[in-house]
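Below is one structure; the comments refer to it alone.
Residue numbers (my numbering): 670 to 836.
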């Protein structure tokens with residue numbers, strides 16, 4: 670449903686963003702399962718070593734999952750906003766102001782994507798790996814860079830939709 674209460678068919682872009690969010694959810698479920706297994710293995714009951722590198726996997730997967738959820742949150746207008754000063758403005762002005770802030774968010778996320786990309790390139794060039802599993806560090810950083818780019822694109826899409834509905 671859009672802001673006016675009318676039903677809209679989700680676009681291909683919307684469905685792609687939903688799929689990315691579902692991947693993030695599946696990643697967190699897998700991560701939670703791995704943590705349960707690791708803790709159970711370390712318990713007095715089993716007395717074995719936990720899952721090797723579990724803390725590394727938690728760090729990387731949590732970052733990736735968080736970036737998976739951000740585009741969907743933006744698309745559904747789920748981010749926190751303060752509208753104290755704009756409540757009495759006409760709906761069209763509120764949408765224009767929201768669109769302006771969506772553009773600001775898009776630009777900030779583009780900056781974050783760029784810097785994550787630079788970080789991924791540096792990690793690749795140095796051959797940096799994780800301590801226990803020896804996984805290449807650039808992979809999760811690069812994935813987060815791409816997802817931050819998707820957040821930026823989603824914010825631009827969101828802004829354009831707001832501008833179209835306020836016209």
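Using N, Cα and C, we set each Cβ at its ideal position, and we do this for glycine too.
Since this is a predicted model, take the numbers as computed values, not measurements.
**OP:** Compute the Euclidean distance between the alpha carbons of residue 719 and residue 705, then round it to the nearest angstrom.
**Re:** Indexing the chain shown from 1 puts residue 719 at position 50. Indexing the chain shown from 1 puts residue 705 at position 36. Approximately 10 Å between the Cα atoms of the pair.
**OP:** Could you check the C-alpha separation between residue 828 and residue 749 for me, to the nearest Å?
**Re:** In the chain shown, the residue the question calls residue 828 occupies position 159. In the chain shown, the residue the question calls residue 749 occupies position 80. Whole-angstrom Cα-Cα distance: 16 Å.
**OP:** Tell me, to the nearest whole angstrom, how far the beta carbon of residue 821 is from that of residue 782; I am working on the premise that it is less than 8 Å.
**Re:** Mapped onto the chain shown, residue 821 falls at position 152. Mapped onto the chain shown, residue 782 falls at position 113. Going by Cβ atoms, the distance from residue 821 to residue 782 rounds to 6 Å, so yes, they are a contact pair.
Subject >> Rounded straight-line distance, which links the Cα of residue 700 to that of residue 823 >> reply: If you number the chain shown from 1, residue 823 lands on position 154. If you number the chain shown from 1, residue 700 lands on position 31. Approximately 26 Å, taken between the alpha carbons.
Subject >> Euclidean distance between Cα positions of residue 743 and residue 726 >> reply: As a position in the chain shown, residue 743 is number 74, starting the count at 1. As a position in the chain shown, residue 726 is number 57, starting the count at 1. Spanning the two alpha carbons is a distance of roughly 26 Å.
**OP:** Go ahead and label residue 769 buried or exposed: buried means 16 or more other beta carbons lie within 10 angstroms of its beta carbon, across all protein chains shown.
**Re:** Here the question's residue 769 lines up with position 100 in the chain shown. Exposed.
Original post:
So is residue 698 buried or exposed if we call it buried at 16+ other beta carbons inside 10 Å?
Top reply: What you label residue 698 is simply residue 29 of the chain shown in a count that begins at 1. Answer is exposed; the Cβ neighbour count stays below 16.
Subject >> C-alpha gap between residue 804 and residue 722, whole angstroms >> reply: Here residue 804 refers to the residue found at position 135 of the chain shown. Here residue 722 refers to the residue found at position 53 of the chain shown. Within the model, the alpha-carbon separation for residue 804 versus residue 722 is close to 10 Å.
Original post:
Run through DSSP, which three-state label would residue 805 get?
Top reply: As a position in the chain shown, residue 805 is number 136, starting the count at 1. Collapsing the DSSP output to three states places residue 805 in a strand.
Subject >> In chain order, each beta strand (DSSP E) run of at least 3 residues that lies wholly inside the segment 750-833 >> reply: List check, beta strand (DSSP E) in window: nothing returned.
**OP:** Take residue 686 as the anchor and find which of 695, 790 and 740 has the nearest alpha-carbon.
**Re:** Indexing the chain shown from 1 puts residue 686 at position 17. Measuring C-alpha to C-alpha distances from residue 686 to each of 695, 790 and 740 identifies 740 as the nearest.
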